[in-house]
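*Asks:*
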Amino acid sequence: MEIMPNEIRPSLGEYFTPSWMADHVVSRSLEKLNKESWKAIDPCCGSGVFLISLIKSILDKHELYSLTIKEKQELLLRILSSVYGIDLNPLSVLTARISYFLAIRPLIDDQKIEIPVYLGDSANIPQKIELDNIACYTYTVETKQGDFNIIFPCNFVESSSFFERMYRLQTTVEAEDPKLLYHQIIENIDKDSINNKIKQSIKILSSKLVELHKNEWDGIWIRITSNFMLIARVKEMDLILGNPPWVKWEFLPQNYAEKIKNLCIDRKLFSGQSYMGAISLNLCALIANVTSDKWLTNKGLLAFLMPKTIMTQDSYAGFRNFYLSDGSRMYLSEIDDWSNAGNPFIVTTEKFMTYFYEKNPVDYSNGIPINLFYKKSNVKITEVNRFHTFEKVKDFFQIKDGMAYQLSENRTGFTLLPERDYTILRKLKLISGTSDYKA
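Here numbering that gives the first Met the number 0 is used: the first residue of the sequence shown is 0, the next is one more, and so on.
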């Protein structure tokens, strides 16, 4: 399902992923993960193509119409606790939720469910803080009428009824009484999870929400803020996957770029070089770093479709080190190279790869495997994109083995070889070295 026009997507750095490619990323990821039970999230889920593929991977193991009511409920709960999505675009979130619902519809009876697809920014997620020994989540929402800060106790945000309670408060906002809104929010929070600092923050929030409504800027801010806070529930993911936006730093809105600048500096993502626009980082790199740092388990896997230039450009020197906030690192373990796959995204000819990252250390000087996909000349990519699974399209591609190496200890850039020939590697190591010339 695709609602957002193709003309708009590229301007946002978004490219609609063909179903067969999402299926390939999912199947390869689950194969590498090698776990019977897992939790997965697409942090930039768009219309939900990766989510549907994840759900399908679970459903395909069962004969749905032979399941008992109890077995269907158990399977439904497993999916709802295993497949998560986030997107910054409200229309995409709505579309993904509908797609998710349709995928699990055969399992639903009359029970209430919360579809775990949330509105939020995966590059800038709620932070955990303590206010007088009470754990809280905090997040700043930006509007044209000014920013406002949300602080709620962790216990409140993580409660199963959080969104439903907040949703009901919309009518109170419309009553334009900040004191009433304040008291109704407070009543929903356990007394043991609140103190004067939290109360003061909620009082300011209540006034801001009512002010937005009075100025006809309200919309559904109470629901939007609730959605943003729900992202704080996300944790301990075995798999993070998807196709995040490919937006270079210089093309980000100025206010947003300033907002996330410190995040990039703290995470050592800028290369520190100034020649040839070397700090021209891509937003997808920040999202990869933030989500891996906050959500990925120690044995988890990150699988992202990202530009091929990440492997070689100086702009990504900092990202290639992939340091996390605790000082540990993520390591590139394997690559699927789609450079010669016929431009599956249609609206862009930028070359891209599937990057598989794990926390297990990898010696890049020994090389990492690349799987190179070559579309055969007897088929058009538009024909390939009509199929929904990689199994249906695999015969349209020739797959070759390649390798990627870091030949110098002084540079993080990779040398890509279209074959796995270690004699070539030895020769390259002999002639590799450093140069003062900046190309």
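Cβ atoms here follow ideal geometry from the backbone N, Cα and C, with glycine treated the same way.
Compute the distance between the beta-carbons of K202 and P177, then report whether it is under 9 angstroms.
*Replies:* Yes, the pair counts as a contact, with Cβ atoms nearer than the cut-off.
*Asks:* Three or more C-beta pairs under 8 angstroms: does that hold for the stretch 23-36 against the stretch 230-246?
*Replies:* Yes, they touch.
*Asks:* What are the start and end residues of the alpha helix (DSSP H) that includes A256?
*Replies:* Note, A256: alpha helix (DSSP H), Q253 to D265.
*Asks:* What is the DSSP secondary structure of R475, counted as helix, strand or coil?
*Replies:* Nothing about residue 475 can be reported from this structure: the residues present for the chain run from 0 to 438 only.
*Asks:* Using CA coordinates, which residue listed in W37, S98, I133 and E357 is at the minimum distance from V156?
*Replies:* When only C-alpha atoms are compared, the closest one is I133.
*Asks:* Taking the CB atoms as reference points, tell me whether L300 and L238 lie closer together than 9 angstroms.
*Replies:* It is a contact, given that the beta carbons lie within the stated cut-off.
*Asks:* Could you give the residue range of the beta strand (DSSP E) that holds Y136?
*Replies:* Run containing Y136: I133 to V140, per the beta strand (DSSP E) assignment.
*Asks:* What does the alpha-carbon distance come out to for the pair A316 and Y138?
*Replies:* Straight-line Cα distance between these residues: approximately 30 angstroms.
*Asks:* Quick check: Y356 and F321, are their CB atoms within less than 9 angstroms of each other?
*Replies:* In contact: Y356 and F321 (Cβ atoms closer than 9 angstroms).
*Asks:* Along the chain, where does the beta strand (DSSP E) that runs through W245 open and close?
*Replies:* Per DSSP, W245 belongs to no beta strand (DSSP E) and is neither H nor E.
*Asks:* Three-state secondary structure (DSSP) at I112?
*Replies:* Reduced to three states, the DSSP call for I112 is coil.
*Asks:* Would a C-beta distance cut-off of 9 angstroms place G439 and M305 closer than the cut-off?
*Replies:* Past the edges of the chain, shown from 0 to 438, lies residue 439, and the structure says nothing about it.
*Asks:* Could you tell me the distance, in whole angstroms, from the CA atom of F162 to the CA atom of P115?
*Replies:* Taking the straight line joining both Cα atoms gives about 11 angstroms.
*Asks:* For E349, does the three-state DSSP call read helix, strand or coil?
*Replies:* Three-state result, E349: coil.
*Asks:* When the Cα atoms are used, what is the spatial distance from A277 to V246?
*Replies:* With a pLDDT of 42 at A277, under the threshold of 50, the predicted position of this residue should be treated as unreliable, though the coordinate-derived value follows. Cα-Cα distance, rounded: 15 angstroms.
*Asks:* With contact counted as at least three CB pairs below 8 angstroms, one residue from each stretch, are the stretch 251-262 and the stretch 111-128 in contact?
*Replies:* Segments in contact, yes.
*Asks:* Taking the alpha-carbon of W294 as reference, which of V233, D335, D191 and L285 has the nearest alpha-carbon?
*Replies:* Minimum Cα distance to W294 is reached at V233.
*Asks:* Should K38 be labelled buried (16 or more other beta-carbon atoms within 10 Å of its own) or exposed?
*Replies:* Buried: at least 16 other Cβ atoms inside 10 Å.
*Asks:* Since S206 is in the alpha helix (DSSP H), which residue starts that stretch and which ends it?
*Replies:* Unbroken alpha helix (DSSP H) run through S206: N195 to K213.
*Asks:* In chain order, what residues of the same chain lie with their CB nearer than 8 angstroms to the CB of K34, ignoring the 5 residues before and after it?
*Replies:* D237, listed in sequence order.
*Asks:* Would you tell me roughly how many angstroms separate the C-alpha atoms of Q397 and F372, rounded to the nearest one?
*Replies:* Q397 and F372: Cα-Cα distance of roughly 6 angstroms.
*Asks:* Mind reading off the beta-carbon distance from T353 to I367? Whole number of angstroms is fine, and I expect it under 8 angstroms.
*Replies:* Wrong, their Cβ atoms sit about 13 angstroms apart, outside the cutoff.
*Asks:* Determine the direct distance from the alpha carbon of L50 to that of F100, and round the result to whole angstroms.
*Replies:* Each residue's Cα considered, the two are about 11 angstroms apart.
*Asks:* Within the continuous beta strand (DSSP E) that includes A39, where are the two ends?
*Replies:* A39 to D41 is the extent of the beta strand (DSSP E) around A39.
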